[in-house]
Structures are given as structure tokens and as C-alpha cells.
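Here is the structure we will look at, set down as C-alpha cells.
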Amino acid sequence: MEREFREDLNDRSLEVASALHSAFGAPDEPKWPIVLVDSAKYQTLTDQESLSRAAGPAGRNFDLVEVGLFRKQCAQCHGITGDGLGPTAALLDPYPRDFRRGTFKFKNTAYGTRPSIEDLIQTITHGVPGTSMPAMANLKRSKHYADDIPVLARYVRFLAIRGEVERELMMDTIRDLHSDEILFDIRQKDSAPEAFKKNQQTIDQVIARVADRWLAPAGVQSNEQSDELFESQYNAFIKRNQFAENDLRLDSTAMSADLFQASLRRGRGLFEGSIAACAQCHGEDGTGNAKWKDYDEWTKDWTIRAGIDPTVKAEWKPLKKLGLLKPVVASPRNLTLQAYRGTATDIDSGQGDSGKAEVDLADSHVRSSRLSILRAVLNGLEGSPMPAAALAATTTGGLTDDQIMDLVRFVESLAVPKSFSVAEAILVSSPNGESVTSQKAGHGS
Ligand code: HEC
Ligand code: HEC
68 MEREFREDLN DRSLEVASAL HSAFGAPDEP KWPIVLVDSA KYQTLTDQES
118 LSRAAGPAGR NFDLVEVGLF RKQCAQCHGI TGDGLGPTAA LLDPYPRDFR
168 RGTFKFKNTA YGTRPSIEDL IQTITHGVPG TSMPAMANLK RSKHYADDIP
218 VLARYVRFLA IRGEVERELM MDTIRDLHSD EILFDIRQKD SAPEAFKKNQ
268 QTIDQVIARV ADRWLAPAGV QSNEQSDELF ESQYNAFIKR NQFAENDLRL
318 DSTAMSADLF QASLRRGRGL FEGSIAACAQ CHGEDGTGNA KWKDYDEWTK
368 DWTIRAGIDP TVKAEWKPLK KLGLLKPVVA SPRNLTLQAY RGTATDIDSG
418 QGDSGKAEVD LADSHVRSSR LSILRAVLNG LEGSPMPAAA LAATTTGGLT
468 DDQIMDLVRF VESLAVPKSF SVAEAILVSS PNGESVTSQK AGHGS
């Protein structure tokens, strides 16, 4: 911000830090800002009990309930304040998430909106496969720790809200205050109560504005207007096509071999074509080796947007001293590995407690992969360069639902999972896609 506004912002950042401390407490003693406690509508967002259990040093309460969960399980990567700058962060690729933008990649809610609590629970439960983000699923299976995951999810939300407020207070202060005006000084409480009260109102407005954004996705079920506003392309697609989460209609077994192969061919055309333009980033073979380079939003924030070229070391190096991490290119996923990071469905949902037969993990993994591809295409991965598809339902010239299905089948076939026949695998990997259709072999593994 100093670079952008050509101003020394040291004093401002100290004022913002005290305002934050006053509203949100300290890492050892977090508190839910009073303005949010006072209004019933924010009570679903988090609660003081979750904050107290998640924050502070790891240990046990007098009643033996475990506390300090975040510092024990998460802070080494995500940092105590959720800035993504924990002690191990610099060694990891991708870097741990900085929660302070409020931007999350893996969610069912619409692009540009905040994740629901279920989305965060899903991420914490299953981790982000293929990255260092661990799965906490074992906590869920334990009687004593079952509640830890929702507690952590509510704490992540708290840290994100706190971080967003920090950014926006800084922006508002630079924009709205004269150089001789002060945003926050606790001493003014006695010396200048009127000014203090006025400033407190400004701060409360920012806090409420940020919290409102987090409220919306959770309110989806209750409010018809927000339903439309926050409905994601993924959820709308599932509804429109009457998909149940466990629907296997994407599978080759649900259609004849000829139809399936025709669908794969159309999918390849779309993958390489100009509307979906997947190959532009993922490469024609899907390995992600296209000559394409871009950075994620977290990196662009302090490089490109601040006028710093992330490819020129001399430009970004001075900012490393402030704790920023070396800019790393956001690589498009290698789609031939069948390793998707987003888990669009609960892999073992509905199993376990019921005492029913063990879930077929291979099968639920395939199903989950399919939905993950579908969701990535429809919703994009916010914060990364991966865009949400333009749909015919909302944009002229966008993709139809059938074309989306063709694409998902094709992307899945790039990874050649076990449920595909050998001939289908050859079909997909042969350059013209036509030659082997007549040699359809039986389903092998
Ligand atoms: C060993 C390092 C590590 C630990 C420990 C860790 N994370 Fe992460 N976490 C990551 C990385 C790396 C990512 C980024 C993954 C990506 O961008 O694909 C991430 C991403 C996330 C995300 C964002 C997902 C999204 O949709 O963008 C959340 C939420 C999260 N972690 C929560 C937690 C919580 C809560 C804990 C503690 C229970 C935790 N993490 C522990 C490394 C870690
Ligand atoms: C502008 C570049 C770009 C375009 C265009 C693009 N992608 Fe991506 N895609 C990415 C990047 C980058 C990632 C990795 C994002 C991350 O995890 O940070 C990605 C990730 C994915 C994933 C992995 C999702 C997961 O959960 O791991 C899938 C599947 C995918 N893309 C499919 C597609 C398809 C299909 C298209 C065309 C409709 C497409 N992509 C278009 C850049 C792109």
C-alpha cells in the first residue's frame, strides 16, 4: 500500500493494529467484536466458545477439553494470525493459505462469495490432496474430538473476517482520513469521547460490512433473494440436471459405448477449442505443460498490483525482508493424474455411523473426482487463475449443460481411471481419436 499510495503508512498501520486488537482481541484471547455480538443475525457466524477452544496455547482446559487447537494443528503453516506465514510456509508448494483476503478455492458457493461453513469443514476434514494441507478426518471418527473440526472451521472464519477488516480499515483510512485525523487511539476514550465514538462507529461499520459478506452463503436456504445472488453455477447445474450427489450418470456405464465415445470426442474438441480454452493452460495433453505463466491472487496482491514484476528478482527481493514469500507460478493442474485437490463431495458421507457395510472407497473416489472436476469447471478455483466456465444458461455463446458433461467426461478420461475400458483409454490417448473405436475391449483394470 505504501508503494501504491506513495505515502508513509507506519502510523496508520499502528492505529489499525490497535483498532483490531480492541475489536478482535489478541491471539491468546480472541473475542468476537461487540458490534457482531449485539446483532442476532451474526450469531451463526462463530461463537465465543469456539474461539476460546481454537485459540491460545495448546493444552487442556480444567474440564479436560482440548484447547489451542489452531496452534497445535494449523499455525505452523497458516501462522498464528492466519496470514499464511507460519514457520514452515516458505518450504511448501503451494504455500499455505493466507486467510486474510477471505478468498478460498474449494467451495460450493458462487465465485466471488465466501465459503459456507460446510465448505471449510469439508476442506479441514479431507485436507487438500496433493498439497501439504493435511486431512483431519480421524478427528471426526473420534468421540472426543468430533467437534474439533467445526470449531476450527469457525476459527478460520474468524481469522478471515479479522484479516479482511484489517485490509479494509487500512484502505478506508488512507482514502477517507486527513493526515491529522486519527482512526483509533484508546486514550481518546477519556480525552475526546465524541471523536472516539465517531471513529468507533466507522470501525464498526467496516466490521459489519465484512461480516455481511460471510453471512450471505449461510443464508442461502432461508432467503430467496440471496438464493439467486449466491447460487453457484455448480449448485444450479446439479439442480437443473436433477443430480443427486451420488449420481453416477457421468459414468460410461450409463450410456452406450458409441454415445460415450462421441461424447469424449466432443469433449476433446471443447477442451482445445476457444470457448472453454482449457488446453491454453492445461496443454493439449492435459499435463499442464502449456507455455503459460500466471500467479495467484495472493501473489499478485503484493507484486503485479503494487507495480512489482514477480519475474524480476531485484524487484521483489526487498519485500522478502518484510516476510513475504518468493513469488511462485500458479501451475495449471496435471489432469492425467486423477488427483484433484478440491473434494466436492464427502467421500465417506453417510457411512460409518450407520453400521452398514464398508463403503467402496475406490468407487466413492471416482464419484468424488467427477464432482470435483464438474465443480472446478463450473465454479472455477477462486484466487487461482482457473476460471469459472461461461454457461449458455447465463451468457450468450457460453457452454450448454451437455457440453459441460462432455468436458467433464473428457477430463476424467485423461486420467484413465480403472472404471474405463482399455479401448476407451487408447481412444482418448490417440491423437485423432477415431481409429480404435471398433476395437472396444472388455472392461479391464
Ligand atoms: C503442513 C502445512 C499445513 C497444515 C499443518 C495445515 N494446512 Fe491448511 N493449507 C495448507 C496449504 C499448503 C494450503 C493450500 C492448498 C492449495 O492452495 O491448494 C492450505 C489451505 C487451507 C485452507 C483453504 C482451502 C481453500 O479452499 O482455499 C483452509 C481453510 C485450511 N488450509 C485450514 C487449515 C486448518 C484449520 C488447519 C489445522 C487443522 C490446517 N489448515 C493445517 C497447509 C497446511
Ligand atoms: C487461465 C488458465 C486456465 C484455464 C483457461 C483453465 N484452467 Fe483449469 N486450472 C488452472 C490452474 C492454474 C489450476 C490449478 C489451481 C490451483 O489449484 O491453484 C487449474 C485446476 C484445474 C482442475 C483441478 C481441480 C481440482 O480440484 O484440483 C481441473 C479439473 C481443471 N483445472 C479443469 C479445467 C478445464 C476442464 C478447463 C476448461 C473448461 C480449464 N481447467 C481451464 C488454470 C486454467
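If you want this note's numbering, it's the position in the sequence shown, counting the first as 1, plus 67. All residues carry an ideal CB built from backbone N, CA and C; glycine is no exception. Note that the coordinates shown come from a computational prediction; the quantities given were computed from them, not determined experimentally.
Of all C-beta pairs linking the stretch 117–126 to the stretch 134–148, three or more are shorter than 8 Å, placing the two stretches in contact.
Under the three-state reduction of DSSP, G230 is assigned to helix. For T366, the enclosing alpha helix (DSSP H) stretches over residues 364–369.
Distance from the Cα of L76 is smallest, within the candidate group R408, M238, R437, for M238. In this structure, the alpha-carbon of L219 lies about 12 Å from that of Q115.
Shortest gap from the CB of L103 to any heavy atom of ligand 1: 8 Å or more. Three or more beta-carbon pairs drawn from the stretch 440–450 and the stretch 170–187 are found closer than 8 Å, and the two stretches are therefore classed as touching. Residue burial annotation: L438 is buried, with at least 16 other C-beta atoms found within 10 angstroms of its C-beta.
Counting only runs that start and end inside the stretch 343–402, the alpha helix (DSSP H) elements of at least 4 residues fall at 345–349, 364–369, 380–387. Sequence-distant Cβ neighbours of I253 in its own chain, meaning closer than 8 Å and more than five residues away, are S85, S89. Not one heavy atom of ligand 2 lies closer than 8 Å to the C-beta of C141. Each of L159, A278, I216 was checked against the Cα of D105, and the nearest Cα belongs to A278. Beta bridge pairing from DSSP links A93 with E96. DSSP places R138 within a helical segment (H, G or I) once states are collapsed to three.
Pairing R333 with F477 gives a Cβ-Cβ distance under 9 Å.
Using a C-beta cut-off of 8 Å, the stretch 151–162 makes no contact with the stretch 381–388, since fewer than three inter-stretch Cβ pairs fall below that distance. Under the 8 Å Cβ criterion, the stretch 225–241 does not count as touching the stretch 193–206, having fewer than three qualifying pairs.
With distances taken between CA atoms, Q470 lies nearest to L458 out of L481, L458, T463, E479. Per DSSP, reduced to three states, the secondary structure at G126 is strand.
One thing to note: T410 has its Cβ no nearer than 9 Å to the Cβ of Q143. Taking the Cα positions, Y162 is about 33 Å away from V102.
Of the heavy atoms belonging to ligand 2, at least one sits nearer than 8 Å to the Cβ of P399. By the C-beta density criterion, P196 is exposed, having fewer than 16 other C-beta atoms within 10 angstroms.
Setting aside the 5 residues that flank it on each side, Q255 is surrounded in the same chain by I249, A262, F263, N266, each with a C-beta closer than 8 Å to its C-beta; the list follows chain order.
Inter-segment contact for the stretch 393–407 and the stretch 350–365 is present: three or more beta-carbon pairs are separated by less than 8 Å. Rounded to the nearest angstrom, the Cβ distance from I191 to I216 is 5 Å, consistent with a contact under 8 Å. With contacts defined by Cβ atoms closer than 9 Å, A482 and L402 form a contacting pair.
According to the DSSP assignment, Q115 belongs to the alpha helix (DSSP H) that extends over 115–121.
Between L466 and F338 a beta carbon distance of about 11 Å is seen, past the 8 Å cut, so the two are scored as non-contacting. Counting along the chain, the unbroken alpha helix (DSSP H) around G334 starts and ends at 324–339. Buried is the label assigned to S299, since at least 16 other Cβ atoms lie within 10 Å of its Cβ. In this structure, the beta-carbon distance from W359 to P399 falls below 9 Å. L118 is a Cβ neighbour of W99, given a cutoff of 9 Å.
When the beta-carbon positions are compared, Y212 and L441 stay at least 9 Å from each other.
L76 carries a coil assignment under DSSP once its states are collapsed to helix, strand and coil.
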